[in-house]
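A.B. asks: Here it is, the structure in full.
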Amino acid sequence: MIQRRLPAVRASLAALRLALYPALLSILLLVACSPPGANFVPTFVPPATPGPPAASTYTVEYGDIAESIVMRGRVAAAQEALLMFPLAGTLKALHISPGDRVRAGDLLAELDAPGAEQEVVRAQFNLEQALRRLEVAELQRERVAQPPLSTAADLLAAQIALERAAAELRYAQIEYDRALSRPWDPPETTEAYSWTLQLNVWNYELAQANLAQVQQAQQQSRNSQRIDQAIQELEVEIAQGQVEQARWLEAVALEKLSNTQLMAPFSGLVVSIEKRAGDQVGAYEVVGVVADPDDLWIVATILEQDVERIAVGQPATVRLDAYPNEKYVGAVLQISSQSIHWQGQTAYEVTVALDGDQDAPAVIRMGADVTVAGRSKEAVLLVPTSAILTIGGRPYVELVAAEHANDVERVEIQIGLANDAQTEVVAGLEAGQIIRIP
Numbered sequence: 255m256i257q258r259r260l261p262a263v264r265a266s267l268a269a270l271r272l273a274l275y276p277a278l279l280s281i282l283l284l285v286a287c288s289p290p291g292a293n294f295v296p297t298f299v300p301p302a303t304p305g306p307p308a309a310s311t312y313t314v315e316y317g318d319i320a321e322s323i324v325m326r327g328r329v330a331a332a333q334e335a336l337l338m339f340p341l342a343g344t345l346k347a348l349h350i351s352p353g354d355r356v357r358a359g360d361l362l363a364e365l366d367a368p369g370a371e372q373e374v375v376r377a378q379f380n381l382e383q384a385l386r387r388l389e390v391a392e393l394q395r396e397r398v399a400q401p402p403l404s405t406a407a408d409l410l411a412a413q414i415a416l417e418r419a420a421a422e423l424r425y426a427q428i429e430y431d432r433a434l435s436r437p438w439d440p441p442e443t444t445e446a447y448s449w450t451l452q453l454n455v456w457n458y459e460l461a462q463a464n465l466a467q468v469q470q471a472q473q474q475s476r477n478s479q480r481i482d483q484a485i486q487e488l489e490v491e492i493a494q495g496q497v498e499q500a501r502w503l504e505a506v507a508l509e510k511l512s513n514t515q516l517m518a519p520f521s522g523l524v525v526s527i528e529k530r531a532g533d534q535v536g537a538y539e540v541v542g543v544v545a546d547p548d549d550l551w552i553v554a555t556i557l558e559q560d561v562e563r564i565a566v567g568q569p570a571t572v573r574l575d576a577y578p579n580e581k582y583v584g585a586v587l588q589i590s591s592q593s594i595h596w597q598g599q600t601a602y603e604v605t606v607a608l609d610g611d612q613d614a615p616a617v618i619r620m621g622a623d624v625t626v627a628g629r630s631k632e633a634v635l636l637v638p639t640s641a642i643l644t645i646g647g648r649p650y651v652e653l654v655a656a657e658h659a660n661d662v663e664r665v666e667i668q669i670g671l672a673n674d675a676q677t678e679v680v681a682g683l684e685a686g687q688i689i690r691i692p
């Protein structure tokens, strides 16, 4: 049976070859016609990364060094004032802008306070009325203090009449006595002198009674005058009290009005404005800042570990951010005794006063770099500050071996004075040794 099937299998294989020949031929033609490298898969080769530059070296030698302490600060004025209202309200008007020059007493801003001006006018009117009433009361007191002219004239007339009656009585008595001494006179004559004497006695008694009546009236007038004077004195005191009350009310009204008006405390420059017209302002909330640009200083910050390196009176140089090519000279004026928290560290504020003969720009609040000249030494071992490394806060340098330049040894050192360029080496190195600068 197998032998019978072999011819059929051979026939099938031959047919399969004939069917595959065209396909194989097409593939060969496609490969032959493709451009060179068409079946090549490229690979990316990155550019070579440059290695670190070769480290330089430095030969340790003696030299002079001056310590310098660099601080960051800002320009401030010796005299600054925060502009604040003592009460809350709406900012009705703002008459200044940053950079404006103001004079002491200038009106800078106003709060909306309805009725404040009317209260001042009313209080001033009431004070004027009270002053008028006091003036009238004082004039009335002076008038009452003077005795009435009619009473004084009546008293004088009564006294004169009494004196005249007394004189006439004495004369009549003399004449009557003479008549009695002349017995030869007729009785009618003596009787006439007697009647004349009696009339003068009655006239004298009448003058006495009239004087007593006038004196009594005068006493009554004095009593009435004393009462009137006491009343008028009380009226004056009441008027004085009303004047004092009116003055107090005027002062209250003026103070209330002044609390709605912000005046320049001194002549200077408007540094900043924090509010605009129409804004709500709280009591003692800062509206702006005024400063005196004629007396400037720098407020800088120094870290706690460096504060002992400076002292009051040390010279300093200042460079302003906007004027990096200009250098201004000054001195340390004050070192704060209270520490502050600055950039996560304990620090102190240092005030540097600029010399007055410099034309420093009035750039209040501008940043500034302050360099304070510190101690100095001569003929000490020096190394570049950039060559000093630290491990655990302990400084060291890399000492180059004399035999092999590529071999370095870490040498711990003790340092002294330092600035940005150089550092004094107190122990650990000798002159002539070579160190590596990373």
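In my numbering, the protein residues as written are 255 to 692.
Even glycine gets a Cβ: it sits at the ideal position worked out from N, Cα and C.
Quick one: is Ala-370 near chain C, going by C-beta distance under 8 Å?
C.D. replies: Absent from the structure is chain C; it holds one protein chain and no more.
A.B. asks: At the level of alpha carbons, what is the spacing between Val-624 and Ala-601?
C.D. replies: Answer to the nearest angstrom: the Cα atoms are 15 Å apart.
A.B. asks: Return the bridge partner residues of Met-517 from the DSSP annotation.
C.D. replies: Per DSSP, Leu-361.
A.B. asks: Mark Asp-613 as exposed unless 16 or more other C-beta atoms lie within 10 angstroms of its C-beta, in which case mark it buried.
C.D. replies: Asp-613 should be labelled exposed.
A.B. asks: Where Val-680 and Val-524 are concerned, what is the direct C-alpha to C-alpha distance, given to the nearest angstrom?
C.D. replies: Roughly 52 Å between the two C-alpha positions.
A.B. asks: Would you tell me roughly how many angstroms separate the C-alpha atoms of Gly-682 and Glu-558, rounded to the nearest one?
C.D. replies: Between Gly-682 and Glu-558, the C-alpha separation is close to 27 Å.
A.B. asks: For Met-517, count neighbouring Cβ atoms within 10 angstroms of its own Cβ and tell me buried if that reaches 16, exposed if not.
C.D. replies: The residue is exposed, with fewer than 16 neighbouring Cβ atoms inside 10 Å.
A.B. asks: Among Tyr-316, Ile-323, Thr-313, Thr-344, which one has its Cα closest to the Cα of Glu-539?
C.D. replies: Minimum Cα distance to Glu-539 is reached at Thr-344.
A.B. asks: With a 10 Å radius around its C-beta and 16 neighbouring C-beta atoms as the bar for buried, classify Gln-668 as buried or exposed.
C.D. replies: With fewer than 16 Cβ atoms within 10 Å of its Cβ, Gln-668 is classed as exposed.
A.B. asks: Quick one: what's Thr-313 bridged to in DSSP?
C.D. replies: In DSSP, Thr-313 forms a bridge with Ile-688.
A.B. asks: Considering Arg-742, what are the terminal residues of the beta strand (DSSP E) in which it resides?
C.D. replies: Here the chain covers residues 255 to 692 and nothing more, so residue 742 does not appear.
A.B. asks: From which residue to which residue does the alpha helix (DSSP H) around Gln-383 run?
C.D. replies: First-last of the alpha helix (DSSP H) with Gln-383: 370-399.
A.B. asks: Give the DSSP bridge partners of Lys-631, in chain order.
C.D. replies: In the DSSP output, where bridge partners are listed per residue, Lys-631 has Ile-319.
A.B. asks: Once DSSP output is grouped into helix, strand and coil, what is the label at Ser-475?
C.D. replies: Ser-475: helix per DSSP, three-state reduction.
A.B. asks: From what residue to what residue does the beta strand (DSSP E) around Trp-596 run?
C.D. replies: Unbroken beta strand (DSSP E) run through Trp-596: 594-596.
A.B. asks: Take Leu-282 and list the residues in its own chain whose beta-carbon comes closer than 8 Å to its own, dropping the five residues that flank it on each side.
C.D. replies: For Leu-282, the predicted structure reports a pLDDT of 41, less than 50, and the residue's modelled location is therefore unreliable. The matter cannot be settled from this model.
A.B. asks: At 3 residues or longer, what runs of the beta strand (DSSP E) sit wholly inside the segment 660-685?
C.D. replies: With a minimum length of 3 residues, the continuous beta strand (DSSP E) runs that stay inside the segment 660-685 are 662-666, 668-672, 676-681.
A.B. asks: In three-state terms, what does DSSP make of Val-566?
C.D. replies: Of the three classes helix, strand and coil, the one that applies to Val-566 here is coil, per DSSP.
A.B. asks: Taking Cβ to Cβ, would you say Ala-622 is nearer than 8 Å to Val-374?
C.D. replies: Against a cut-off of 8 Å, the Cβ pair of Val-374 and Ala-622 comes out as no contact.
A.B. asks: For Gln-676, count neighbouring C-beta atoms within 10 Å of its own C-beta (all shown protein chains included) and say buried if the count is 16 or more, exposed if not.
C.D. replies: Its Cβ being crowded by 16 or more others within 10 Å, Gln-676 is buried.
A.B. asks: Just the Cα atoms here: how many angstroms apart are Ala-570 and Arg-376?
C.D. replies: Distance between the alpha carbons of Ala-570 and Arg-376: 59 Å.
A.B. asks: Mark Tyr-275 as exposed unless 16 or more other C-beta atoms lie within 10 angstroms of its C-beta, in which case mark it buried.
C.D. replies: Low confidence applies here, because Tyr-275 scores a pLDDT of 49, under 50, leaving its location unreliable and the question unanswered by this model.
A.B. asks: Taking the C-alpha atoms as reference points, what is the distance between Asn-477 and Gln-483?
C.D. replies: Each residue's alpha carbon lies about 10 Å from the other.
A.B. asks: Does Gly-686 pass the burial test, meaning 16 or more other C-beta atoms within 10 Å, or should it be called exposed?
C.D. replies: Exposed, by the Cβ-count rule.
A.B. asks: Measuring CB to CB, does Val-566 end up less than 8 Å from Leu-550?
C.D. replies: In this structure, Leu-550 does not lie closer than 8 Å to Val-566 by Cβ.
A.B. asks: Let me know if Pro-290 comes out buried or exposed under the rule of 16 or more other beta-carbons within 10 Å of its beta-carbon.
C.D. replies: Residue confidence for Pro-290 is low, a pLDDT of 44 falling below 50, so the modelled location carries little weight and cannot support an answer.
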